[in-house]
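Engineer:
In the numbering used here, the protein residues as written are 75 to 416.
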């Protein structure tokens with residue numbers, strides 16, 4: 075098998091450190107990846123005067139798949155979020171966040187196995203804001219039949235392919251009767267075409283309460299944009315935080331896999347950052363390539379990496395944020411040693 079070109083966006087802050095660790099682990103797994111390095115975030119602003127340069131977008135459009143580290147967006151006017159711009163310009167309409175309990179990472183719950191499927195292009199994140207009059211501002215929540223239906227269908231297809239049993243929609247249609255009403259209306263319509271998959275709805279405040287009481291009762295969560303953003307981090311907190319969950323933004327043509335935590339500029343260069351979230355996102359990416367392109371070598375590599383980090387965590391080989399003392403490169407070396415023993 076020839077090498078598969080994949081765009082790598084190291085990002086800002088701790089991004090380059092965890093990206094380097096991830097590259098080393100992937101190389102040890104035997105996955106044939108040729109990295110095409112491109113910039114985004116503050117580091118790109120310094121060079122290109124824009125947070126998401128055209129050369130980066132062009133590379134993703136050419137190679138279809140990217141792995142992205144955390145990118146800093148300056149607060150205030152002038153620069154849009156890199157993540158939001160990627161989703162809009164590449165139509166990455168499905169944000170996917172698998173959240174699972176991990177042996178070796180002790181939390182209140184041990185039975186969490188949830189996938190958040192988030193509509194990624196509309197809602198209050200559409201960026202439609204106006205000043206109505208002095209002292210009065212307005213933000214518009216946008217929902218379209220097309221986007222609501224396609225994310226519902228994507229979520230049910232994902233559940234079926236992954237042998238998941240149930241899709242749950244969290245909503246606030248009791249208050250936002252038209253926008254959230256459209257979302258659940260389309261979810262109900264699509265659910266009827268998947269009789270093998272269970273379907274249920276919760277008003278989001280009640281759903282949040284049930285989620286933190288008994289996360290094991292949930293399987294696949296289907297959410298509009300803002301709710302999905304909030305619930306993704308809430309669910310991550312159930313299993314140890316953002317350092318132990320992967321993420322992906324997927325469209326019909328392009329896919330970007332990413333660590334969803336921040337760039338942590340305060341610890342950049344100290345080599346204490348946890349690279350696991352980006353490594354786990356790379357595992358998602360390898361499996362995506364296996365499924366979409368028939369690359370079983372990628373699946374084998376993904377399985378090796380997952381086994382390696384499960385062994386490491388079970389043995390207590392962890393970075394500082396998880397209660398260990400390993401530095402970034404040390405953690406990567408432990409994973410590489412485990413891979414070589416498999």
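The beta carbon of each residue, even a glycine, is placed where N, CA and C say it ideally should be.
Remember, it's a predicted structure, so these values are computed and weren't measured experimentally.
1. Is the distance from the Cβ of residue 95 to the Cβ of residue 331 below 8 angstroms?
2. Can you find at least 3 beta carbon pairs, one from the segment 79 to 99 and one from the segment 332 to 352, that sit closer than 8 angstroms?
3. Could you tell me which residues DSSP pairs with residue 193 in its beta bridges?
4. Give a yes or no on whether the C-beta atoms belonging to residue 247 and residue 255 are separated by under 8 angstroms.
5. Among 97, 309 and 369, which has the Cα closest to the Cα of residue 185?
6. Write down every uninterrupted run of the beta strand (DSSP E) in the segment 225 to 288 whose length is 3 residues or greater and which is fully enclosed by it, in chain order.
7. Would the segment 227 to 235 count as touching the segment 282 to 295 if we require 3 or more Cβ pairs under 8 angstroms?
8. CB-CB under 7 angstroms to residue 336, same chain, minus the five flanking residues each way: which ones, in chain order?
9. Does the beta-carbon distance from residue 386 to residue 416 come in below 8 angstroms?
10. Using CA atoms only, rank isn't needed, just tell me which of 138, 221 and 202 is closest to residue 212.
11. Taking all protein chains shown into account, do 16 or more other C-beta atoms lie within 10 angstroms of the C-beta of residue 210, making it buried, or fewer, making it exposed?
12. Would residue 195 pass as a contact of residue 217 if the rule is Cβ separation under 8 angstroms?
13. Look at the alpha carbon of residue 109 and the alpha carbon of residue 138, and state the distance between them as a whole number of angstroms.
14. With 16 as the cutoff for other CB atoms within 10 Å, does residue 340 come out buried or exposed?
15. Quick one: residues in its chain with C-beta nearer than 6 angstroms to the C-beta of residue 205, no 5 flanking neighbours on either side, listed in chain order?
16. Going straight from the alpha carbon of residue 354 to that of residue 112, what length do you get?
17. Relative to the C-alpha of residue 319, which candidate in 189, 302 and 240 has its C-alpha closest?
18. With DSSP collapsed to three states, give me the class of residue 47.
19. Do residue 114 and residue 87 count as a contact pair if the criterion is CB distance below 8 angstroms?
20. Going by C-alpha to C-alpha distance, which of 358, 243 and 81 sits closest to residue 171?
21. With DSSP run on the structure shown, which of helix, strand or coil describes residue 174?
22. According to DSSP, is residue 344 helix, strand or coil?
23. So, helix, strand or coil for residue 214, using DSSP?
24. Looking at residue 155 and residue 378, is the spacing between their C-beta atoms short of 8 angstroms?
25. Return the chain-ordered list of same chain residues with a C-beta closer than 7 angstroms to the C-beta of residue 392, the five sequence neighbours on each side being excluded.
26. Tell me whether the beta-carbon of residue 81 lies closer than 8 angstroms to the beta-carbon of residue 107.
27. To the nearest angstrom, how far is it from the Cα of residue 275 to the Cα of residue 76?
28. Going by the CB atoms, is the gap between residue 199 and residue 325 shorter than 8 angstroms?
29. Looking at the secondary structure, which residues open and close the alpha helix (DSSP H) in which residue 107 lies?
30. I'd like the list of long-range same chain contacts for residue 219, defined as Cβ closer than 7 angstroms, with 5 residues on each side in sequence excluded.
31. Excluding the 5 residues flanking residue 244 on each side, which residues of the same chain have their C-beta closer than 6 angstroms to its C-beta?
32. What would DSSP say about residue 405, mapped onto helix, strand or coil?
Structural biologist: In brief:
1. Reading the chain shown from its first residue, position 21 is the one you call residue 95. Reading the chain shown from its first residue, position 257 is the one you call residue 331. For residue 95 and residue 331, no; Cβs fall outside 8 angstroms.
2. yes
3. The residue you call residue 193 lines up with position 119 of the chain shown. Note: residue 193 sits in a beta bridge opposite 168.
4. To locate residue 247, count along the chain shown from 1; it is residue 173. To locate residue 255, count along the chain shown from 1; it is residue 181. Yes, these two residues count as a Cβ contact at 8 angstroms.
5. Start at 1 with the first residue of the chain shown, and residue 185 comes out as number 111. Of 97, 309 and 369, the residue nearest in Cα terms is 309.
6. 240 to 245 and 272 to 277
7. yes
8. Position 262 of the chain shown, counted from the first residue, corresponds to residue 336. Taken in chain order, the residues that qualify are 144.
9. Along the chain shown, read from residue 1 onward, the residue named residue 386 stands at position 312. Along the chain shown, read from residue 1 onward, the residue named residue 416 stands at position 342. Cβ atoms of residue 386 and residue 416: not closer than 8 angstroms.
10. Taking the chain shown and counting its residues from 1, the one referred to as residue 212 is at position 138. Looking at the Cα atoms, 202 is the closest of the given residues.
11. In the chain shown, residue 210 corresponds to position 136, counting from 1. Label assigned to residue 210: exposed.
12. Position 121 of the chain shown, counted from the start, is the residue given in the question as residue 195. Position 143 of the chain shown, counted from the start, is the residue given in the question as residue 217. The answer is no: Cβ separation not under 8 angstroms.
13. As a position in the chain shown, residue 109 is number 35, starting the count at 1. As a position in the chain shown, residue 138 is number 64, starting the count at 1. Approximately 13 angstroms, taken between the alpha carbons.
14. Walking along the chain shown from the start, residue 340 turns up at place 266. Burial call: exposed.
15. The residue labelled residue 205 in the question sits at position 131 within the chain shown. Excluding sequence neighbours, residue 205 sits near 211.
16. Residue numbering aside, residue 354 sits at position 280 when the chain shown is read from its first letter. Residue numbering aside, residue 112 sits at position 38 when the chain shown is read from its first letter. One C-alpha to the other measures close to 21 angstroms.
17. As a first step, residue 319 must be located in the chain shown, where it is residue number 245. Here the closest residue by C-alpha is 189.
18. Since the first residue of the chain shown is 75 and the last is 416, residue 47 is not available in this structure.
19. Residue numbering aside, residue 87 sits at position 13 when the chain shown is read from its first letter. Residue numbering aside, residue 114 sits at position 40 when the chain shown is read from its first letter. No, the Cβ-Cβ distance between residue 87 and residue 114 is not below 8 angstroms.
20. Numbered from its first residue, the chain shown carries residue 171 at position 97. Cα-wise, what sits closest to residue 171 is 358.
21. Along the chain shown, one-based indexing puts residue 174 at 100. Residue 174: strand per DSSP, three-state reduction.
22. Residue numbering aside, residue 344 sits at position 270 when the chain shown is read from its first letter. Three-state DSSP puts residue 344 in coil, outside helix and strand.
23. Sequence index remark: in the chain shown, residue 214 carries index 140 (1-based). Residue 214: coil per DSSP, three-state reduction.
24. For the purposes of this step, residue 378 is taken as the residue at position 304 of the chain shown. For the purposes of this step, residue 155 is taken as the residue at position 81 of the chain shown. Not in contact: residue 378 and residue 155 (Cβ atoms no closer than 8 angstroms).
25. By 1-based counting over the chain shown, the position of residue 392 is 318. Taken in chain order, the residues that qualify are 398 and 400.
26. Sequence index remark: in the chain shown, residue 81 carries index 7 (1-based). Sequence index remark: in the chain shown, residue 107 carries index 33 (1-based). In this structure, residue 107 does not lie closer than 8 angstroms to residue 81 by Cβ.
27. By 1-based counting over the chain shown, the position of residue 275 is 201. By 1-based counting over the chain shown, the position of residue 76 is 2. Using only the alpha carbons, I get a separation of about 46 angstroms.
28. Looking up residue 325 in the chain shown gives position 251. Looking up residue 199 in the chain shown gives position 125. No. Outside cutoff.
29. Here residue 107 refers to the residue found at position 33 of the chain shown. Run containing residue 107: none in the alpha helix (DSSP H); it sits in the beta strand (DSSP E), 107 to 111.
30. In the chain shown, counting from the first residue as 1, residue 219 sits at position 145. Correct list, in chain order: 256 and 260.
31. Translated into the one-based positions of the chain shown, residue 244 becomes position 170. Answer for residue 244: 276, 278, 281, 297 and 301, listed in chain order.
32. Stepping through the chain shown from its first residue, residue 405 is reached at position 331. DSSP places residue 405 in helix when its eight states are reduced to three.
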